[in-house]
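Engineer: Input: one structure, supplied below.
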Amino acid sequence: MIDEGVSSHVFTLSNMNFEVASGQILAVVGAVGSGKSTLCNAIVGEVTASPESQISCRGKLAFASQIPFILSTSFRENILFGLPYEESRYEQVLDACCLRPDIEQIGGAGDLTEIGERGVTLSGGQKQRVSLARVAYSQPRIAIFDDPLSALDAGTSKMVFERLFKGSGNSLLSNSAIVLVTHASHYLHKVDNILILANGKQGFLGSWKELNEFECEDKATRASIDNIRSAVQEGSDTVETRNENDLPAEISGENTDTYKLDSQKAIETSGELMTVENREHGLASRRTWFLWFKHAGGLPFVFCQIILLALDRIAYVATEWWLAQWTKAHDSPITVFGVDFPAQTDGVSAQYRYLKVYAIILLISSIATFLRSEWAVSGGARAASSLFTKMTTRVLYAPMSYFDTTPQGRVLNRFTYDVEMLDVNLTDAMSVVMIALSWFVAGLCVMCAILPWIILALVPVTTVYAMVQLHYRKSGADLQRLDAVSRSPVQAMLAEGLNGASTIRVFQQEKTFLHRFQSIADLNSSAQLNFLSAQRWIGIRIELLGSIIVLVACTVVAVFNDFLSIEPGLVALLIIWSSNFTITLGFLVDNVAEAEAAITSVERIHAMSELPQEKDMITAEENIPDPSWPTTGALEFDNVCVRYRPGLPLTLNCCSFKVPPGKRCGIVGRTGSGKSTALVALFRLVEVESGKIVLDGVDLSKLGLQDVRGRPNGMAIIPQDPVLFAGSLRQCVDPFGTSTDEAIMKALFEVHLIGSNGNHAALNQYVEEGGSNYSVGERQLLCLARAIISTPKVLVMDEATASLDGPTDDLIQNMLRTRFTETTLLTVAHRLNTIMDYDFVLVMDAGRAVEFGSPASLLDIKEGVFSELVDATGEESAASLRAMAKKLS
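Put into structure tokens, the structure is as follows:
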């Protein structure tokens, strides 16, 4: 529940006293937000206990979090989690967690197949079973499980429970002390003790027998106990009454947990999923340089920059030239451009004339310097802003398949390191290069005008400069690319470590992850060190070569000045510019090298700006639907075929079905049957290859994506993994600010997150990133409230209530029946009782709609897939489900 009185709340546990011995199971149950996950985190040391509290864990500890932590590596490495491979134990764990059929289904490299970041290729149930397998393989003395069965179907859940926890034979964790948080109340009579939580307090602790005899005055605890008794009475003999051999193939052999991104979607036979980051070689192409200048402003930018640089250099040279003229007039008058100037000895008035001219030239020089610097920096800022905007837009509209196969560290690296290089390093280097070029040209002109013979020294020295720079350029850009590319794994692993920090600590794998992080950090450091060393190499040689020019200028003037007859002021100017020329060459070579290194970031950002894109966002004028569309929510799949990439098999194969307006349709089927693909195709996250999806008479493929996904009162989805962004509760529920506070409060009340007299101040409560300050069940309810606000004509729910306790789930189901009477509802479900009163059930298999009709009509089909799924839940449960379907038919 949401704290209605304050904008921020701190949840606490109190009055907790229990003990779990080896071989015992303590089941923890309670309503959403009662403190079950907090208790698990407290046991494993992730929540700070008060000074007077004592939590003692004697022996090796293991933890399966409510949101499974999946490494971006293979099945096997996720299960081993840093432990040595023991084949017999490993095989036992695979069987106990029903993972063998999943591995066989993937094929290719088998359990060595890479499963992607955050387990992107796995269903919710598969992720949970991998997490369970990790705990089982570690052979802990104490095992903590936070709702590990929520995404498993009845048959798979039964087998996992018996093989891991409490089977008729010898379960894998039979000698471990187990704390099991679960909403599967039908297992409670099989555990040793039950702990009921209510509002962060211990409401009951004891055996199932004691629970039946327990009477409590606390309203919340009494309600929880009554609901548990009812659930156990209905389900205690359901999934347990049939043995594994009685289960149909859909359950026993190929597991029916849903929402799987089909393994064929991204995994090739090599077992590798993530793409390798491309890296260019050699110097950046001229196209890359032209790209930067184009985004900086194009020809107008270049033309204006040249004019400003010329004005700046002319004014700068003029200041020093005027000082030379001023020196020349120390004892005799001079004529400059036809204007007579008195000798300095003529008094203060004469000095004032020279000073006034100097001040005017200096002012012009200062203005020119400011303008050329401002113009260069503004051009760099324009280029950076334009390239960043283009990259951001392209990434936001990239297809989902790109994110499935691209490590998040790579994307983060482009948006952090490469953008910083573009914003700061490249802009600074390009500005200095342009300035140094103007200095170089001005220096040549000044020195050759004063002493033409100096060209004999400038030509060979400049040639050597060019040769040194060319030698550096062969490796400088590549070293910069290596530095950039090697940063991506560092950021990816850092993000991975932060997401799974609690699991890493509980399994005591800090050293393993630290060693891995040190290895990839060392690779990045070595690339960076080589790049910096190369810069020092060229810097030293530039300084040495520069000193030669100064030496030649001073020697020539000192030895041959009587022959050359150069005025003293011009001699000083020559020596100054000889020294400046050395600095200029150093700046030029050094910053050209730095610019060539930094321009690789433009190369990398531009590469991400050429990502494949989804279809057009805006609907073509001839296909724009009526402003009121959709009006009824009539949905039809007409021979829809979908494949994730060319060359891969069809994941939807001529799938056809119709859902009338305002009707509710449950979707069931085994893993890989195409349930999630149907949802993906509906929102056009993957485009239909053939056939069509029609909503209220409009072919969705003819519309722009903005109309498909963003129409007011259009389509909405509640995913299995709730997505919440940081911000206020108001922003979380109504991200586009289209609803009033009263409407938001009503939606929160309807999903039972606040009471009927809720305080509007609760809407200012802060939601942390990902909703981490709420339980997973509360996050799902917030997503449901968001859907209520949008009042969609089509609502898709993908196991949206999997993390809710039974009573709360029942309340939500009742709300859906009454609140969305004019909404077409599609629900992917494991809990068959939640869809038995639906108007239709769609059964998917091998990408086809193999059965479609009312629950009662499908149950009348002998040996039908849906009928077998119902029978697999057990005799009593099947009878109850059939009676429910018949009653509501």
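Numbering-wise (the UniProt record's numbering), the sequence shown opens with residue 1 and increments by one. Where a beta carbon is used, it is the ideal one built from N, C-alpha and C, also for glycine.
(1) Taking all protein chains shown into account, decide if residue 257 is buried (16 or more other Cβ within 10 angstroms of its Cβ) or exposed.
(2) DSSP three-state label for residue 814, please.
(3) Which whole-angstrom value is the C-beta distance of residue 865 and residue 851, which I expect to be below 8 Å?
(4) If you follow the alpha helix (DSSP H) that residue 653 is in, where does it begin and where does it stop?
(5) Short of 6 Å in beta carbon distance, which residues of its chain neighbour residue 131, apart from the five on each side in sequence? Order them along the chain.
(6) Taking C-beta to C-beta, are residue 209 and residue 190 nearer than 8 Å?
(7) Where do the ends of the beta strand (DSSP E) carrying residue 853 lie?
(8) How many Å lie between residue 125 and residue 110 at the Cα?
(9) Could you check the C-alpha separation between residue 364 and residue 299 for me, to the nearest Å?
(10) What are the boundary residues of the alpha helix (DSSP H) that residue 355 is part of?
(11) Look at residue 49 and residue 172 and say whether their C-beta atoms are less than 8 Å apart.
(12) Closer than 8 Å, CB to CB, is residue 527 near chain C or not?
(13) Considering only the alpha carbon of each residue, which of 521, 519, 434 and 620 lies closest to residue 703?
(14) For a minimum of 4 consecutive residues, which ranges assigned as the alpha helix (DSSP H) are wholly contained in the segment 736–806?
(15) Could you tell me if residue 817 is buried or exposed, where buried requires 16 or more neighbouring beta carbons within 10 angstroms of its beta carbon?
(16) At a cut of 8 Å, does the segment 675–694 reach the segment 853–867 through at least three beta carbon pairs?
(17) Report, in whole angstroms, the separation of the C-beta atoms of residue 194 and residue 203, which I expect to be a contact under 8 Å.
(18) By how many angstroms is the C-alpha of residue 717 removed from the C-alpha of residue 881?
(19) Closer than 7 Å by C-beta to residue 787: which residues in its own chain qualify, once you throw out the five before and the five after it? Chain order, please.
(20) What residue range is occupied by the uninterrupted beta strand (DSSP E) comprising residue 507?
(21) Which same chain residues, not among the five before or five after residue 812, have their C-beta less than 6 Å away from its C-beta?
(22) Under 8 Å, do residue 641 and residue 848 count as touching if we go by C-beta distance?
(23) Would you call residue 15 buried or exposed, if buried means 16 or more other Cβ atoms sit within 10 Å of its Cβ?
(24) Hey, out of 315, 154, 665 and 465, whose CA is closest to residue 844's CA?
(25) Alpha carbon to alpha carbon, how far is residue 70 from residue 506?
(26) Determine the burial state of residue 762: buried for a count of at least 16 other Cβ atoms within 10 Å of its Cβ, exposed for fewer.
(27) Have a look at 597, 585, 28 and 151 and flag the residue whose alpha-carbon is nearest the alpha-carbon of residue 425.
(28) Identify, in the order they occur along the chain, each residue of the same chain with its Cβ nearer than 7 Å to the Cβ of residue 579, setting aside the five sequence neighbours on each side.
(29) Could you please give me the residues that DSSP links to residue 197 through a beta bridge?
(30) Is there at least one non-hydrogen atom of the ligand COA closer than 7 Å to the beta-carbon of residue 189?
(31) Determine the closest residue to residue 750 out of 815, 128 and 555, with distance taken between C-alpha atoms.
(32) Who are the Cβ neighbours of residue 418 in its own chain at under 7 Å, not counting the five residues just before and after it?
(33) Leaving out the 5 sequence neighbours to the left and right, which residues in its chain are closer than 8 Å to residue 673 when beta-carbon positions are compared?
(34) Residue 574 and residue 447 look like a contact to me (Cβ under 8 Å); what is the Cβ gap, rounded to whole Å?
(35) Thinking just about the alpha-carbon of each residue, which of 361, 339, 701 and 527 is nearest to the one in residue 322?
(36) By a C-beta neighbour count over all protein chains shown, 10 Å radius and 16 as the cutoff for buried, is residue 471 buried or exposed?
Structural biologist: Reading from the atomic positions:
(1) The residue you call residue 257 lines up with position 257 of the sequence shown. For residue 257, the predicted structure reports a pLDDT of 42, less than 50, and the residue's modelled location is therefore unreliable. The matter cannot be settled from this model.
(2) To locate residue 814, count along the sequence shown from 1; it is residue 814. Helix at residue 814.
(3) Translated into the one-based positions of the sequence shown, residue 865 becomes position 865. Translated into the one-based positions of the sequence shown, residue 851 becomes position 851. About 6 Å separates the two Cβ atoms, so the contact holds.
(4) Position 653 of the sequence shown, counting from 1, holds the residue named residue 653. Residue 653 -> not in any alpha helix (DSSP H); beta strand (DSSP E) instead, spanning 652–659.
(5) Taking the sequence shown and counting its residues from 1, the one referred to as residue 131 is at position 131. Closer than 6 Å at the Cβ level, and outside the excluded window around residue 131, lie 64 and 68.
(6) On the sequence shown, residue 209 is found 209 positions in, with the first residue counted as 1. On the sequence shown, residue 190 is found 190 positions in, with the first residue counted as 1. Not in contact: residue 209 and residue 190 (Cβ atoms no closer than 8 Å).
(7) In the sequence shown, residue 853 corresponds to position 853, counting from 1. Where residue 853 is concerned, the enclosing beta strand (DSSP E) stretches over 848–853.
(8) For the purposes of this step, residue 125 is taken as residue 125 along the sequence shown, with counting starting at 1. For the purposes of this step, residue 110 is taken as residue 110 along the sequence shown, with counting starting at 1. Answer to the nearest angstrom: the Cα atoms are 18 Å apart.
(9) Counting from 1 along the sequence shown, the entry for residue 364 is found at position 364. Counting from 1 along the sequence shown, the entry for residue 299 is found at position 299. Their backbone Cα atoms lie some 25 Å apart in a straight line.
(10) By one-based count along the sequence shown, residue 355 stands at place 355. Residue 355 -> alpha helix (DSSP H) spans 348–396.
(11) By one-based count along the sequence shown, residue 49 stands at place 49. By one-based count along the sequence shown, residue 172 stands at place 172. Against a cut-off of 8 Å, the Cβ pair of residue 172 and residue 49 comes out as no contact.
(12) Any reference to chain C falls outside this structure, which holds one protein chain only.
(13) Residue 703 sits at position 703 when you count from the first residue of the sequence shown. For the residues 521, 519, 434 and 620, the minimum Cα distance to residue 703 belongs to 620.
(14) 741–750 and 776–790
(15) Position 817 of the sequence shown, counted from the first residue, corresponds to residue 817. With fewer than 16 Cβ atoms within 10 Å of its Cβ, residue 817 is classed as exposed.
(16) no
(17) Locating residue 194 in the sequence shown gives position 194, where the first residue counts as 1. Locating residue 203 in the sequence shown gives position 203, where the first residue counts as 1. Actually they do not touch by this definition, with Cβ atoms about 10 Å apart.
(18) Reading the sequence shown from its first residue, position 881 is the one you call residue 881. Reading the sequence shown from its first residue, position 717 is the one you call residue 717. Distance between the alpha carbons of residue 881 and residue 717: 27 Å.
(19) Looking up residue 787 in the sequence shown gives position 787. The residues are 716, 718 and 795.
(20) The residue given as residue 507 occupies position 507 in the sequence shown. It is not in any beta strand (DSSP E) - residue 507 carries neither H nor E in the DSSP assignment.
(21) Position 812 of the sequence shown, counted from the start, is the residue given in the question as residue 812. These residues qualify, in order along the chain: 801.
(22) Numbered from 1 along the sequence shown, position 641 holds the residue referred to as residue 641. Numbered from 1 along the sequence shown, position 848 holds the residue referred to as residue 848. Not a contact, by the Cβ cut-off of 8 Å.
(23) As a first step, residue 15 is located in the sequence shown; it is residue number 15 there, counting from the start. Label assigned to residue 15: exposed.
(24) Here residue 844 is taken as the residue at index 844 of the sequence shown, counted from 1. That would be 665, whose Cα lies nearest to the Cα of residue 844.
(25) The residue you call residue 70 lines up with position 70 of the sequence shown. The residue you call residue 506 lines up with position 506 of the sequence shown. Using only the alpha carbons, I get a separation of about 15 Å.
(26) Position 762 of the sequence shown holds residue 762. Under this definition residue 762 is a buried residue.
(27) What you label residue 425 is simply residue 425 of the sequence shown in a count that begins at 1. Measuring from the Cα of residue 425, the nearest candidate turns out to be 597.
(28) As a first step, residue 579 is located in the sequence shown; it is residue number 579 there, counting from the start. Within the same chain, residue 579 has close Cβ partners 550.
(29) Along the sequence shown, one-based indexing puts residue 197 at 197. Answer is 30 and 202.
(30) The ligand content of the structure shown is nil, which means the ligand COA is not present either.
(31) Numbered from its first residue, the sequence shown carries residue 750 at position 750. With distances taken between Cα atoms, residue 750 lies closest to 815.
(32) As a first step, residue 418 is located in the sequence shown; it is residue number 418 there, counting from the start. Excluding residues within five positions, the ones whose Cβ falls inside 7 Å are 484, 601, 604 and 605.
(33) Along the sequence shown, read from residue 1 onward, the residue named residue 673 stands at position 673. For residue 673, where only same-chain residues beyond five positions count, the Cβ hits under 8 Å are 844, 845, 846 and 847.
(34) By 1-based counting over the sequence shown, the position of residue 574 is 574. By 1-based counting over the sequence shown, the position of residue 447 is 447. Yes, they are in contact, since the Cβ atoms of residue 574 and residue 447 sit about 6 Å apart, within 8 Å.
(35) Here the question's residue 322 lines up with position 322 in the sequence shown. Per the Cα distances, 361.
(36) Taking the sequence shown and counting its residues from 1, the one referred to as residue 471 is at position 471. The residue is exposed, with fewer than 16 neighbouring Cβ atoms inside 10 Å.
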